[in-house]
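Working notes for the structure below.
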Amino acid sequence: MISTPSNSVVFSGLQPTGHLQIGNYFGAVQNFVKLQTQYECYYAIVDYHAITVEHDPEELRRNTLEMGFDLLACGLDPKQCVLFVQSQVPEHTELAWILSAVTSYGDLQRMTQFKEKGETQEFVSCGLFTYPVLQAADILAYKASKVPVGEDQVQHIELTRRIARRFNARFGETFPEPDVLLTAALRLMSLADPERKMSKSLGPKHYIALNESEESIREKIKTAVTDVGPRTETKEKSPGVANLFLLLKLSASQEIYDQFESDYARGVLKYEPLKRAVADCLVKTLEPIRARKAQLKESEVREILHEGARTARAVARQTLAEVRERIGVGKLI
RNA sequence: AGGCCCGUAGCUCAACUGGCAGAGCAGCCGACUCCAAAUCGGCAGGUUGGGGGUUCAAAUCCUCCCGGGCCUGCCA
Numbered sequence: 478m479i480s481t482p483s484n485s486v487v488f489s490g491l492q493p494t495g496h497l498q499i500g501n502y503f504g505a506v507q508n509f510v511k512l513q514t515q516y517e518c519y520y521a522i523v524d525y526h527a528i529t530v531e532h533d534p535e536e537l538r539r540n541t542l543e544m545g546f547d548l549l550a551c552g553l554d555p556k557q558c559v560l561f562v563q564s565q566v567p568e569h570t571e572l573a574w575i576l577s578a579v580t581s582y583g584d585l586q587r588m589t590q591f592k593e594k595g596e597t598q599e600f601v602s603c604g605l606f607t608y609p610v611l612q613a614a615d616i617l618a619y620k621a622s623k624v625p626v627g628e629d630q631v632q633h634i635e636l637t638r639r640i641a642r643r644f645n646a647r648f649g650e651t652f653p654e655p656d657v658l659l660t661a662a663l664r665l666m667s668l669a670d671p672e673r674k675m676s677k678s679l680g681p682k683h684y685i686a687l688n689e690s691e692e693s694i695r696e697k698i699k700t701a702v703t704d705v706g707p708r709t710e711t712k713e714k715s716p717g718v719a720n721l722f723l724l725l726k727l728s729a730s731q732e733i734y735d736q737f738e739s740d741y742a743r744g745v746l747k748y749e750p751l752k753r754a755v756a757d758c759l760v761k762t763l764e765p766i767r768a769r770k771a772q773l774k775e776s777e778v779r780e781i782l783h784e785g786a787r788t789a790r791a792v793a794r795q796t797l798a799e800v801r802e803r804i805g806v807g808k809l810i
């Protein structure tokens, strides 16, 4: 069997949260960069998702553009992938409405992310509830079959499959059922609370941004939580130390990494030198990204995003034409 | 459309019958530590949702507005 275009399309969406942090980079974006050389990739900065909770319009605008800068700096190449802003392709929201008609209310009620996010919000919008439907539309508008996402999104992709299946059953084969593209599950943990995943929402001590100053990176690594010392009776690393080793693996040479591993195994590792090495290597690893970002001009980023939206829209429009036809709306002849 | 409840520090809440707005957590600085954590010491944090009114004095009482939640009705 030769792979057809229909099973080689990748879609992923990123919320415009402002600057990317290194957890996003090593956990997801680095993988996106790799995927763009192997698949037909659509990457969307999903601003319509961001409005489902309270937000500031100016901040959203700024964050959306900022995300474009960061993604390009990380190595997403407009020649190899389609990078765009969700709201610039209105087919997403149109398809979301259509799909909401084949989405089970009960399924949505079972989405754990809605329950969790809803608890933190004073005002729970209807949009927050139907968020997974828009996500399904994002994916299905391009008939994507592979969706690289984190573990926390797996439930939403399963819902997307159910939505696709139900649509196909009622109106005829239209969408592929997308698969989660699980790469080597790589989770950077918070520096200040290594039991939790690194996230901006936990506070500044918990994450390192891609564009963070060298001084600040060193300070945060230095104050990262460790433990009372290497344990002799068990080889198991504490979460904080394991996290530092993961950072070292991601940024240091094999030699340096092996040296620290060996020190740890022999029970002679001191955390202070480990932290110094992690900070050194991390600063060096992020430097090229910083350099690329500094070279990007705002007008250039805007143009790339607009061009991406044009390309994406051409594809999404075709899908919508087919969908409208199948469900009996639009043209009446 | 009617009724009831709520809004105080970043978060969770306290403040009697109207009497100097406070605590825990989070945050910042320091001590301790190979580095951290924990612990200890210190610091900072406020238009009490907003306007108007009563009063010597309002987070507290009255009034309007904004925001949120619940109940009922109406429509279909």
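When we follow this note's numbering, the leftmost residue of the first sequence carries the number 478, and every step to the right adds one. Quick reminder that beta carbons are idealized off the backbone N, C-alpha and C, glycines included.
Could you check what DSSP says for M675 in three-state terms: helix, strand or coil? By 1-based counting over the first sequence, the position of residue 675 is 198. In the structure shown, the three-state DSSP call for M675 is coil.
How should Q731 be labelled, buried or exposed, when 16 other C-beta atoms within 10 angstroms of its C-beta is the threshold for buried? Within the first sequence, numbered from 1, the residue matching residue 731 stands at position 254. Looking at its Cβ environment, which holds fewer than 16 other Cβ atoms inside 10 Å, Q731 is exposed.
Using a Cβ-Cβ cutoff of less than 6 Å, which residues in the same chain neighbour T796 once the five nearest sequence positions on both sides are dropped? As a first step, residue 796 is located in the first sequence; it is residue number 319 there, counting from the start. In its chain, beyond the 5 residues on either side, A618 have a beta carbon closer than 6 Å to the beta carbon of T796.
Among residues of its own chain, excluding the 5 on either side of R695, which ones have a beta-carbon nearer than 8 Å to its beta-carbon? Along the first sequence, read from residue 1 onward, the residue named residue 695 stands at position 218. For R695, where only same-chain residues beyond five positions count, the Cβ hits under 8 Å are A756 and V760.
If you draw a straight line from the alpha carbon of T788 to that of L585, how long is it in whole angstroms? For this step, residue 788 is matched to residue 311 along the first sequence. For this step, residue 585 is matched to residue 108 along the first sequence. Roughly 31 Å separates the two Cα atoms.
Please look up how many angstroms separate the CB atoms of D668 and K682, rounded, as I've assumed it's under 8 Å. The residue given as residue 668 occupies position 191 in the first sequence. The residue given as residue 682 occupies position 205 in the first sequence. It is worth fixing the name first, because residue 668 is Leu in this sequence and not Asp. 7 Å between Cβ atoms; contact.
Boundaries (first-last residue) of the alpha helix (DSSP H) holding A527: Along the first sequence, read from residue 1 onward, the residue named residue 527 stands at position 50. Where A527 is concerned, the enclosing alpha helix (DSSP H) stretches over D524 to A527.
Sequence-distant residues of the same chain with beta carbon closer than 7 Å to R643, five excluded per side: If you number the first sequence from 1, residue 643 lands on position 166. Excluding the 5 residues flanking it on each side, R643 has same chain C-beta neighbours closer than 7 Å at V579, in chain order.
Any chance the stretch 607-622 sits against the stretch 525-535, with 3 or more Cβ pairs inside 8 Å? Contact between the stretch 607-622 and the stretch 525-535 is present: 3 or more CB-CB pairs across the two stretches fall below 8 Å.
Which runs of the alpha helix (DSSP H), 4 residues or longer, sit entirely within the stretch 683-721? Within the stretch 683-721, the complete alpha helix (DSSP H) runs of at least 4 residues are 691-699.
Please report how far the alpha carbon of K623 lies from the alpha carbon of A573, in whole angstroms. Here residue 623 is taken as the residue at index 146 of the first sequence, counted from 1. Here residue 573 is taken as the residue at index 96 of the first sequence, counted from 1. Their backbone Cα atoms lie some 19 Å apart in a straight line.
Going by DSSP, what residues sit across from L491 in a beta bridge? Locating residue 491 in the first sequence gives position 14, where the first residue counts as 1. Note: L491 sits in a beta bridge opposite I522.
Tell whether a beta-carbon distance below 8 Å holds between G785 and V559. To locate residue 785, count along the first sequence from 1; it is residue 308. To locate residue 559, count along the first sequence from 1; it is residue 82. Yes, Cβ-Cβ distance for G785 and V559 is below 8 Å.
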